[in-house]
Amino acid sequence: MTPMTANRFVRCSCGRLHWGAHGAAGLLLSDPARGVLLQRRAWWVHNGGTWALPGGALETGETVREAAAREAWEEADVPKAAFRALSSSVLDHGTWRYTTVLGVADSSLDARVANQESSELRWVAPEDVAELSLHRDFAESWPGLREQLGRELVLIVDGANVVGSRPDGWWRDRRGAAERLRDRLAKLAEWGIADSVAGIGAGPTWEWWPRVVLVVEGQARGVEPVTGVEIATAPADGDSHIVEVAAQARPGDHVVVVTADRELRSRVTALGASIMGPGTLLRELDAG
Numbered sequence: 022m023t024p025m026t027a028n029r030f031v032r033c034s035c036g037r038l039h040w041g042a043h044g045a046a047g048l049l050l051s052d053p054a055r056g057v058l059l060q061r062r063a064w065w066v067h068n069g070g071t072w073a074l075p076g077g078a079l080e081t082g083e084t085v086r087e088a089a090a091r092e093a094w095e096e097a098d099v100p101k102a103a104f105r106a107l108s109s110s111v112l113d114h115g116t117w118r119y120t121t122v123l124g125v126a127d128s129s130l131d132a133r134v135a136n137q138e139s140s141e142l143r144w145v146a147p148e149d150v151a152e153l154s155l156h157r158d159f160a161e162s163w164p165g166l167r168e169q170l171g172r173e174l175v176l177i178v179d180g181a182n183v184v185g186s187r188p189d190g191w192w193r194d195r196r197g198a199a200e201r202l203r204d205r206l207a208k209l210a211e212w213g214i215a216d217s218v219a220g221i222g223a224g225p226t227w228e229w230w231p232r233v234v235l236v237v238e239g240q241a242r243g244v245e246p247v248t249g250v251e252i253a254t255a256p257a258d259g260d261s262h263i264v265e266v267a268a269q270a271r272p273g274d275h276v277v278v279v280t281a282d283r284e285l286r287s288r289v290t291a292l293g294a295s296i297m298g299p300g301t302l303l304r305e306l307d308a309g
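One gets our numbering by counting positions in the sequence shown from 1 and adding 21 to each.
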């Protein structure tokens, strides 16, 4: 039997037709200097003439991040290397879901109309978006999306504290234990973390692809970074270095420090950071 194509309309439980048998995804790119990149839909497509995002149906087996990146390339000539995905939010109609992937664009990105599904692309200041004739679903989602534009989750991991929270023989090879933790964190950076686990408070529909910073010290020095995980080597006191890393975060970013150390928790929360316990992180890593 021939598999049913993903590129078709489905009748949603809300009573309307939506595009994409497996749901759909779009890419909301922001640039501090230019605003957000919007697409005016061609007159002949569903909800033609309205403004929304480059996006479309998820193909079978495709992740939302892959789908949003592919659609942005096909419709707006946006290469994957020209942006970094930060988070996603789902508009869930029960039988159909639309996922908005939020990303920050490289300042050199020169988007252009790349196929017939778009009639125009435009960088729009966030405060002007609501003045446009928006696609109905995008208009519904926009206020919540605007609050998180350009904001990333910075996950700062107290390596010594997390490694030491589970008796797996780490004391025999602290550097090796730190490297094993690093590799597991790299997978987390790739698959993402739910807002409910990160404790950011953006809402249950949100997930984040964090910028992970693993802080190492003592016998764990010498650990090298890998894709998805930065290494911050403490020159002396690990706790003070974690505080320094937290203080260097950009204003507006969500900073979460993973540690069980009470004094350190107090120092970083004074900077506005949130706290995640080592057990919560390890359960998330185990679940992946």
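Yeah, the Cβ is synthetic: ideal placement off N, Cα and C, and Gly gets one too.
Keep in mind the model is a prediction, meaning the values are calculated, not measured.
Item	Value
Is the CB-CB distance between tryptophan 72 and arginine 86 below 7 Å?	no
Using a threshold of 7 Å, state whether the C-beta atoms of proline 231 and leucine 174 are closer than that.	yes
For threonine 23, which residues of its own chain have a beta-carbon under 6 Å away from its beta-carbon, when the five flanking residues on both sides are left out?	At threonine 23, the pLDDT of 34 sits below 50, so the modelled position is not reliable; the number obtained from the coordinates is stated separately. The answer is none, since no qualifying residue turns up.
Between which two residues does the beta strand (DSSP E) harbouring alanine 46 extend?	45-52
Need the endpoints of the alpha helix (DSSP H) that glycine 263 sits in, please.	Reading the sequence as shown, one finds isoleucine at residue 263 and not glycine. 259-268 is the extent of the alpha helix (DSSP H) around isoleucine 263.
Counting beta carbon pairs with one atom in the segment 262-269 and one in the segment 277-292, are three or more of them shorter than 8 Å?	yes
Could you have a look at threonine 120 and say whether DSSP puts it in helix, strand or coil?	strand
Need the endpoints of the alpha helix (DSSP H) that valine 85 sits in, please.	85-97
What are the partner residues of valine 237, as DSSP defines its beta bridges?	Thr254
Using CA atoms only, rank isn't needed, just tell me which of Ala257, Asp149, Ala106 and Val233 is closest to alanine 207.	Val233
Expressed to the nearest angstrom, what Euclidean distance is found between the alpha-carbon atoms of glycine 293 and alanine 223?	16 Å
Measuring alpha carbon to alpha carbon, tell me which of Ala63, Val218, Asp258 and Asp52 ends up nearest alanine 135.	Ala63
Checking 7 Å against the spacing of the C-beta atoms, do alanine 45 and tyrosine 119 come in under that value?	yes
So, is serine 162 buried or exposed, given that buried needs 16 or more other C-beta atoms within 10 angstroms?	buried
Check whether the Cβ of alanine 210 lies closer than 7 Å to any Cβ atom in chain D.	Structure shown: chain D not included; a single protein chain is present.
Rounded to a whole number of angstroms, what is the C-alpha to C-alpha distance between tryptophan 227 and tryptophan 192?	37 Å
Can you give the beta carbon distance from leucine 273 to valine 145, rounded, assuming they're within the 8 Å contact cut?	Here residue 273 turns out to be glycine, not leucine, going by the sequence shown. At roughly 20 Å, the Cβ-Cβ gap does not stay under 8 Å, so glycine 273 and valine 145 are not in contact.
When burial is assigned at 16 or more other CB atoms within 10 Å of the CB, is alanine 151 buried or exposed?	exposed
Given this structure, state the Cα-to-Cα distance separating glutamate 299 from aspartate 179, to the nearest angstrom.	Just to set this straight, residue 299 is proline in the shown sequence, not glutamate. Roughly 9 Å between the two C-alpha positions.
Could you name the residues of the same chain whose beta carbon sits closer than 8 Å to that of leucine 155, not counting the 5 residues immediately before and after it, in chain order?	Thr71, Trp72, Ala73 and Trp163
Does arginine 283 come out as helix, strand or coil in the three-state DSSP assignment?	helix
Should tryptophan 212 be labelled buried (16 or more other beta-carbon atoms within 10 Å of its own) or exposed?	exposed
What did DSSP end up calling glycine 180 once you bin it into helix, strand or coil?	helix
Counting Cβ pairs, one atom from each stretch, are 3 or more of them under 8 Å apart for the segment 247-257 and the segment 121-140?	no
How close, in whole Å, do the beta carbons of leucine 112 and aspartate 149 come, if the pair is a contact with beta carbons under 8 Å?	Contact flag wrong, Cβ pair sits at about 22 Å.
At what residues does the beta strand (DSSP E) containing serine 57 begin and finish?	The residue asked about is misnamed: residue 57 is valine in this sequence, not serine. That run of the beta strand (DSSP E) goes 56-62.
Tell me whether glycine 309 is buried or exposed, calling it buried when 16 or more other Cβ atoms sit within 10 Å of its Cβ.	exposed
Please give me, in chain order, every unbroken run of the beta strand (DSSP E) with length at least 3 that falls completely inside the segment 157-228.	174-179
According to the Cβ coordinates, are arginine 203 and leucine 235 closer than 7 Å?	yes
What are the residues that DSSP puts in a beta bridge with aspartate 113?	Arg118
Give me whichever residues DSSP pairs with leucine 292 in a beta bridge.	Its beta-bridge partners do not exist; DSSP assigns none.
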